[in-house]
């Protein structure tokens with residue numbers, strides 16, 4: 001693919017993405033404004049609610065007293081200037097909140113996706129190579145088991161076992177209380193700590209990451225496993241694989257060099273899909289492990305009907321989603337030059 | 343199968359075209375009817391078990407689900423096989439009564455999402471044009487959100503109760519059916535039986551209902567079967583977050599969340615979670631077997 005072609009492709013896809021994001025603001029807006037629930041009720045205490053002046057001031061402060069259509073356009077206008085509005089719970093700009101919470105979730109999700117891709121691809125190749133044997137059948141059950149486990153329940157029991165019973169891992173949060181987070185470069189504590197050479201801080205951050213990361217990864221291991229198995233089986237009977245075996249290459253080389261390459265395509269796709277699934281899972285996992293990420297922020301804003309925050313979260317999550325799908329498509333053409341980006 | 347629509351699922355364990363004649367032992371096993379596949383049988387058995395539990399809950403449960411009678415936080419024992427919770431309610435009885443909520447609600451919401459989604463998708467695919475653009479962009483929008491985050495926002499906006507949680511999951515769930523139905527209608531629209539029905543004077547709606555519906559129903563039903571487990575998880579997830587069933591309702595997700603508050607008493611959260619796991623696993627066993635059979639590629643290997 002020529003650089004110009006790639007540029008055109010990116011421009012077009014980003015354009016579509018931008019339209020989608022505007023659509024999302026509309027959906028989120030309709031959803032949060034044409035509903036029976038009242039943000040004033042959710043955010044003000046009982047006494048304040050009894051005082052019409054306070055309710056009026058609250059509604060005025062957040063622009064809730066204007067016509068709904070006007071509210072939408074005011075929102076879009078502010079958004080164009082990078083202003084997501086002020087959160088009704090934290091009383092800080094939503095953009096500031098998001099800047100704080102998004103890296104925490106990215107760190108968690110990246111850790112989880114690495115685990116699930118490494119484990120899932122490994123087991124998937126094993127299942128494909130041992131196709132029809134007992135190992136394959138066992139792995140089929142394992143993968144179904146993986147997608148059938150309620151994340152919140154696994155999270156609870158991993159917590160019970162590894163924190164409460166065994167005491168191997170910390171209970172939650174990103175760092176032990178009292179520790180200062182590393183100076184921000186990427187916002188990922190483990191990476192930042194490494195960049196600053198703060199070893200003990202790195203170990204501490206990693207310890208906090210392990211439990212939620214693995215729990216979050218478990219759900220997607222099953223999906224990755226099945227996709228890997230299927231895509232390896234697609235290619236394993238090809239003539240060039242037989243040729244590679246016939247010329248006496250060790251089985252390991254045949255699998256890694258000749259079978260895995262084409263299979264990587266579908267694996268890239270499924271990793272993209274899995275990442276979306278992970279973002280869903282973060283809501284539940286972050287709540288249990290008090291991980292200060294976007295999942296918890298989404299939950300708190302939804303429950304408190306914090307409209308600017310809900311809209312901000314929806315948009316950020318959707319943008320992440322769109323970018324990941326785009327990245328998967330680009331990766332596709334890198335892995336298989338025959339595929340044209342259109 | 344005459345449809346060309348592909349399930350948006352994983353590629354079948356493929357044999358390239360040239361090797362299509364040779365069926366391995368495993369391919370044959372995958373093509374056996376579901377009642378002869380061990381996993382599907384186990385799954386069907388578990389579903390039947392839970393259905394019986396749900397129907398006869400009042401007879402099977404040793405106590406009413408909300409009766410606060412026993413010792414508080416008693417571990418599992420002969421008197422309380424699964425222990426009691428922080429209000430002295432019998433966990434076993436609550437798990438049994440939980441089946442009365444999770445199973446019918448999951449079925450209800452899958453049927454609703456399936457009906458709405460396939461109707462919109464079929465209409466979009468058949469009529470095309472503006473209708474198609476509107477419905478499918480709407481589906482894209484919903485799919486641009488990770489499932490539970492949108493469901494969370496909908497459920498919170500509508501107000502936290504079980505009915506609204508079901509509505510929220512339907513809102514999140516219909517697009518996959520719409521996409522599948524649309525792709526299959528697109529494939530079948532120009533087929534001869536549709537043309538002849540049109541020439542015989544059948545209206546567009548009648549053609550869709552009489553000619554197209556039976557032809558696209560199979561894969562959609564399989565998707566529905568695969569979706570049942572998903573529905574149970576999403577719905578109990580919302581209840582876990584406090585946006586579905588409200589106390590003191592005996593609902594599995596809500597019970598696991600009580601288990602979080604009392605995490606040092608493992609039995610409170612363990613057993614309702616196991617109930618969710620077994621139900622979801624059972625539906626996935628059955629759905630998986632159905633998928634193997636109805637997958638167009640597997641079907642081609644049979645020479646159909």
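Protein chains in written order, with the numbering used here: chain S, 1 to 342; chain U, 343 to 646. Cβ coordinates follow ideal geometry from the N, Cα and C atoms, glycine included. Keep in mind that this is a model prediction, so the values were computed, not measured.
- Take the alpha-carbon of residue 393 of chain U and the one of residue 620 of chain U: they are about 12 Å apart.
- Residue 178 of chain S and residue 289 of chain S have their C-alpha atoms some 18 Å from each other.
- For residue 494 of chain U against residue 390 of chain U, the beta-carbon gap comes to about 33 Å, at or over 8 Å, which does not count as contact.
- Residues of chain U with a Cβ closer than 7 Å to the Cβ of residue 298 of chain S are, in chain order, 491, 494.
- The straight-line gap separating the alpha-carbon atoms of residue 430 of chain U and residue 405 of chain U is approximately 11 Å.
- Identification of chain U residues near residue 152 of chain S by a Cβ-Cβ cut-off of 7 Å yields 579, 582, 598, ordered along the chain.
- If you compare the alpha carbons of S/59, S/311, S/211 with that of residue 167 of chain S, the shortest gap goes to S/211.
- For residue 426 of chain U, DSSP records a beta bridge to U/432.
- The Cβ atoms of residue 548 of chain U and residue 468 of chain U do not sit closer than 9 Å to each other.
- Residue 426 of chain U counts as buried, since no fewer than 16 other beta carbons sit within 10 angstroms of its beta carbon.
- By the Cβ criterion, the stretch 20 to 35 of chain S is in contact with the stretch 301 to 319 of chain S, since at least three pairs of Cβ atoms, one from each stretch, lie closer than 8 Å.
- At the C-beta level, residue 228 of chain S and residue 266 of chain S come within 9 Å of one another.
- Leaving aside the five residues that flank residue 459 of chain U on each side, the residues in its chain whose CB is nearer than 6 Å to its CB run, in chain order, 516, 519, 520.
- Counting along the chain, the unbroken alpha helix (DSSP H) around residue 311 of chain S starts and ends at 307 to 335.
- Chain S has a Cβ within less than 9 Å of the Cβ of residue 626 of chain U.
- Neighbours of residue 412 of chain U in chain S, taken as residues whose beta carbon is under 7 Å from its own, are absent, since the nearest beta carbon is some 22 Å off.
- The stretch 325 to 337 of chain S and the stretch 262 to 277 of chain S touch, with three or more beta-carbon pairs separated by less than 8 Å.
- CA-CA distance, residue 119 of chain S to residue 215 of chain S, rounds to 13 Å.
- Counting along the chain, residue 199 of chain S sits inside the alpha helix (DSSP H) bounded by residues 199 to 236.
- Within 9 Å of the CB of residue 87 of chain S, no CB atom of chain U is found; the nearest one sits about 15 Å away.
- Around the Cβ of residue 91 of chain S, a 10 Å sphere holds fewer than 16 other Cβ atoms; the residue is exposed.
- At a cut-off of 9 Å between beta-carbon atoms, residue 290 of chain S makes no contact with chain U.
- Assigned with DSSP and collapsed to three states, residue 86 of chain S falls in strand.
- Judged by beta-carbon spacing, residue 128 of chain S lies within the 9 Å limit of residue 232 of chain S, meaning their Cβ atoms are closer than that value.
- Residues of the stretch 604 to 635 of chain U with a C-beta less than 9 Å from any C-beta of chain S: 605, 606, 608, 611, 612, 614, 615, 616, 618, 619, 620, 621, 622, 623, 624, 625, 626, 627, 630, listed in chain order.
- Check the Cα spacing between residue 408 of chain U and each of U/398, U/402, U/382, U/435: the tightest is with U/435.
- Residues of the stretch 300 to 314 of chain S whose Cβ lies closer than 8 Å to any Cβ of chain U, in chain order: 302, 303, 305, 310, 313, 314.
- When secondary structure is reduced to three states using DSSP, residue 52 of chain S falls in the helix class.
- Per the DSSP secondary-structure output, residue 93 of chain S pairs in a beta bridge with S/86.
- About 11 Å separates the Cβ atoms of residue 577 of chain U and residue 571 of chain U, ruling out a contact at the 8 Å cut-off.
- Short of 7 Å from the beta carbon of residue 236 of chain S, and not among the five residues preceding or following it, lie these beta carbons of its own chain, in chain order: 128, 259.
- Listed in chain order, the non-local C-beta contacts of residue 164 of chain S below 7 Å within the same chain number zero, local neighbours out to five positions each way being set aside.
- In this structure, DSSP gives residue 557 of chain U a helical state, which the three-state scheme calls helix.
- For the alpha helix (DSSP H) assignment, the uninterrupted runs of no fewer than 4 residues enclosed by the stretch 371 to 406 of chain U are, from N- to C-terminal side, 380 to 397, 399 to 402.
- Proximity of chain U to residue 149 of chain S at the Cβ level (cut-off 7 Å) is accounted for by 619, in chain order.
- By the C-beta density criterion, residue 534 of chain U is exposed, having fewer than 16 other C-beta atoms within 10 angstroms.
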